[in-house]
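Chains as they are written, first to last, in full-length UniProt numbering: chain Y, 1 to 645; chain E, 1 to 480.
This report refers to the structure that appears directly beneath it.
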């Protein structure tokens, strides 16, 4: 049984001091920093970020229990909340590792609403901060030098709780008594804009009304570049919904929010959500497994926007924790880490934190195990083509389906090729548009065009050739019929997407045909221009020869030992001045026909005479052995002598 | 059974007769070398009602002629014998087996006054050795396609089996020979290819490969549209003769019921399958028929130095026909035919309409005015591709040409001239009428053009042909 765990925790987690009675741990989603606050900061605050640059340690005075602590973007200003009424700002000088910060502090109390209690705050810039209180939202600019703040904008609204998506700088407020009317706000360099509010459909409407939408059941994340609000809709006996589902609401920058996707979980219990590589990952605690959903994957047998899990539920790959920190002796055994632990906290998009163990992991998708879990290769390709590190996996899938050689695999091969080439074509088109735009000069008005990014999903002909096709055609035990069928299928697919077929693919076809003496097939392919890139339409009469396939024709003729025919042909298309003499001489010598060799040899001598005024071959042409052979057969005197002037 | 048909009746008096088959026989001198046993040499004789001694005499004469001419050139004995009334063609396809065809020369019957018997004028130079020599060779190839070599029958069942097979095959086949309409195309024995764009061609490739993959019994496939070849998995020589059979015998036989009206009794019972138009042209006419026989014609194709025996399944949907060839050692069952029908039928129907659509688009692009106004025959020896705008339509009975037989004869003569030398050349002939006939030979290709231009001179004709080459054959290179 091969490895089936398609999710794993990253190898290099962020380690921090685990939460305890003296050590409080905070996580800031915006900067992805973990704060370990020992004894209210008096014995030190250790900040660990995703990389060392973001890791800081400092001390501050213990002025009571810390409720929330966050750096502004770029670690410029530290905001610490100890009470529900006030937040303290400190300016940091990050040159030193350990800082006493108390001297730089000033305390800020909300001026707008005297009795409001601060639910939390979010930094939206290096000096811009949003306060969310139970009575509204306030947007400030902080001036640490002047020890002052300036109100940029505020809005009164009753708030139950809030969520912040740092990627898009959107804050979502839960309002009304039931909490199911969500009001999003978007922030961008000094401006706050109210987006259209929307209502989450609750499975049951409670009577009397009470807060029914929990903050735990809502998450925001960007999937395929679009912001979504994910709602974990638990099953309810009264509402007659047999299992839980995740409802996605698409939140566009402008316009109304729409319910867009429903992910069927087919089970009940406690869930947590992550987004990894544009996949929605749903962790299910009681079964200790996770499901993944791809909202772009269309389900044929479902209503348009209802999705089933892409793959069967599997647990995250087992993870072992080294016994004592990173500087562990290699011989020491690692302890298996308890996955899906109740002490886990899950953050968007892909973060899992175990406060009790002091680890922050990034969740990752492993693609190789998906290959065996998804039998439908077409669907598998759709899935893989949207993943980040997909190239090698896709190529291995291609090799695999060709290797199988099972009956009826050609239609599958065709589907896979078509899917690959669809993506390839889109990239080529984008590239072409870009090149055209660049050539026509920088466009006024429209924003400067960005060069299209070549993702891993772009599998071009050389990728296919090097990783799949060339090895495939050389593999023993594959029928040549199947090889040719596959190559033709690939060429068909490229043509279908109007992609110019590269020469080496034709060569592969020709080589295979010639190896099996299938000259008549070869000729038919040439006749219908399949092995050429000439005019798209065959005219009234099928043509046996094409100017663009000259080399192929020469090769074919030579391989059939029709040396004179080849020579006549290349002369007819005017290519005999540049053609390799050695190739023809070799072929002539192989026939064992002395007169033929003589003729070909003289032909090239005459050519040399005409081109260079000397019948001798250039050393670069490597015809020495032929000259020797000629002398042996016909004697020295038969050689053409340079004309004496 | 003399097949004489008056070709052209000029007035009331003159009657013209086209060439016709006088006799056709096959013999092997080694089977009756002793005197008195001569009859044993004769394996087949047409017409059969000829008196025994005459048969023996005729065979003996041929034997003698061949033997006599051998003294001049042991490797190339006589191929034909010209006499005033007829012409004889000799062909030795296998060691000691000789096929002889005797063709009566075309003639003109001129009535005489005063009740005298009419005078008959034989036109002994009107028929061409190359044309009828090719017809004779084709007879053998066709026999071989369905029966294998003579030697094979001898091995399997001796002279008795061979004579049976010959009788069975040639009795019917000779009736389909229409000697009066044989011409240059018989010399070429070419294949007409269907013009097609690359994408549609690749789709057909894909179809063929898929069928061969899922029905692994299928060894070779050929694909035709509108009686023109698109793909052949068979080798060229085998395809050439199979193509001849399909287009001159099998397809015409089946096109008549297709052309017949819906309620015509000729129309075969539709198998009740509304999903596709596929049907078997060989084998079972109706799969639903519980009595249906799943027997297909067997053909023999070349394989290295031996022969391979195959079932020939011809399956057609609209104008697209696919030939599937399966080793004869396998017995074909109802299940297999049903599987083939359900797999191929829908795909072939779809493909046929695709091809039709694409063909119409291409024709629209090239425009109706670009339709060739020239009368020409093109043939490529390398891929056997032929194209003729002279021949209107090939049917089972006659191939109609749109030009006078005299012109066809000139074409044949030019072809003979080309065959004599290996060089590329061009021949321009001014015919008796206003026609010019131009023959061009370039490497492996031959092109014959008939131009009808009054008062044109040689230079103008030459220019005109150049123009034709540039427009119609711009991708084919002709050496000047």
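Quick reminder that beta carbons are idealized off the backbone N, C-alpha and C, glycines included.
Verify whether the separation of the beta carbon atoms of residue i and residue j is less than 9 Å.
| i | j | result |
| --- | --- | --- |
| residue 76(Y) | residue 126(Y) | yes |
| residue 65(E) | residue 42(E) | no |
| residue 99(E) | residue 123(E) | no |
| residue 600(Y) | residue 617(Y) | no |
| residue 178(Y) | residue 120(Y) | no |
| residue 245(E) | residue 148(E) | no |
| residue 209(E) | residue 438(Y) | no |
| residue 278(E) | residue 330(E) | no |
| residue 243(Y) | residue 266(Y) | yes |
| residue 280(E) | residue 230(E) | no |
| residue 297(E) | residue 146(E) | yes |
| residue 444(E) | residue 382(E) | yes |
| residue 124(Y) | residue 73(Y) | yes |
May I ask you to report which of helix, strand or coil DSSP gives residue i?
| i | result |
| --- | --- |
| residue 194(E) | coil |
| residue 483(E) | For chain E, the structure presents residues 1 to 480; residue 483(E) sits outside this window and is missing. |
| residue 70(Y) | strand |
| residue 199(Y) | strand |
| residue 220(Y) | strand |
| residue 692(Y) | As displayed, chain Y neither begins before 1 nor continues past 645, which places residue 692(Y) out of reach and without an answer. |
| residue 28(Y) | strand |
| residue 167(Y) | coil |
| residue 631(Y) | helix |
| residue 16(E) | strand |
| residue 6(Y) | coil |
| residue 17(Y) | coil |
| residue 295(E) | coil |
| residue 235(E) | coil |
| residue 22(Y) | coil |
| residue 55(Y) | coil |
| residue 267(Y) | coil |
| residue 290(E) | coil |
Please identify the residue among the options whose C-alpha is closest to the C-alpha of residue i.
| i | options | result |
| --- | --- | --- |
| residue 285(Y) | 295(Y), 296(Y), 268(Y), 294(Y) | 268(Y) |
| residue 219(E) | 226(E), 211(E), 417(E) | 211(E) |
| residue 417(E) | 140(E), 405(E), 439(E), 406(E) | 439(E) |
| residue 11(Y) | 604(Y), 116(Y), 318(Y) | 318(Y) |
| residue 334(E) | 295(E), 358(E), 305(E) | 295(E) |
| residue 199(Y) | 173(Y), 190(Y), 208(Y), 189(Y) | 173(Y) |
| residue 318(E) | 347(E), 332(E), 312(E), 132(E) | 347(E) |
| residue 78(Y) | 65(Y), 31(Y), 39(Y), 50(Y) | 31(Y) |
| residue 21(Y) | 377(Y), 15(Y), 37(Y) | 37(Y) |
| residue 303(E) | 237(E), 389(E), 96(E), 385(E) | 237(E) |
| residue 306(Y) | 248(Y), 343(Y), 397(Y) | 248(Y) |
| residue 46(E) | 37(E), 90(E), 24(E) | 24(E) |
| residue 63(Y) | 74(Y), 86(Y), 56(Y) | 86(Y) |
| residue 138(Y) | 468(Y), 185(Y), 399(Y), 522(Y) | 185(Y) |
| residue 245(Y) | 252(Y), 575(Y), 270(Y), 57(Y) | 270(Y) |
| residue 621(Y) | 283(Y), 371(Y), 582(Y) | 582(Y) |
Kindly give me the distance between the Cβ atoms of residue i and residue j, rounded to whole angstroms, as I take these residues to be in contact under 8 Å.
| i | j | result |
| --- | --- | --- |
| residue 278(Y) | residue 362(Y) | About 15 Å separates the two Cβ atoms, so there is no contact after all. |
| residue 491(Y) | residue 453(Y) | About 28 Å separates the two Cβ atoms, so there is no contact after all. |
| residue 257(Y) | residue 212(Y) | Between residue 212(Y) and residue 257(Y) the Cβ distance is about 19 Å, and since that is not below 8 Å, they are no contact. |
| residue 449(E) | residue 468(E) | 6 Å |
| residue 484(E) | residue 310(E) | With chain E covering 1 to 480 only, the question about residue 484(E) has no answer from this structure. |
| residue 255(E) | residue 176(E) | With a Cβ gap of about 15 Å, residue 255(E) and residue 176(E) do not count as contacting. |
Under 8 Å between beta-carbons, which chain A residues line up against residue i? List them in chain order, please.
| i | result |
| --- | --- |
| residue 231(E) | Given the protein chain composition of this structure (Y and E), no chain A is represented. |
**Asked** Which runs of the beta strand (DSSP E) spanning at least 3 residues fall entirely within the UniProt domain "CCZ1/INTU/HPS4 third Longin" (370-468) of chain E, listed in chain order?
**Response** 375-380, 386-388, 391-394, 399-401, 425-430, 435-442, 445-452
**Residue ranges of each alpha helix (DSSP H) within the UniProt domain "Mic1" (387-537) of chain Y, 4 or longer** = 391-404, 409-439, 470-474, 480-496, 503-515, 519-527
**Request:** Tell me the start and end of each unbroken beta strand (DSSP E) in the stretch 74-120 of chain E that is at least 3 residues and wholly inside, in chain order.
**Result:** 80-82, 86-94, 97-104, 107-110
**Request:** May I have a chain-ordered list of the alpha helix (DSSP H) segments no shorter than 4 residues that lie completely inside the stretch 309-389 of chain Y?
**Result:** 368-373, 377-385
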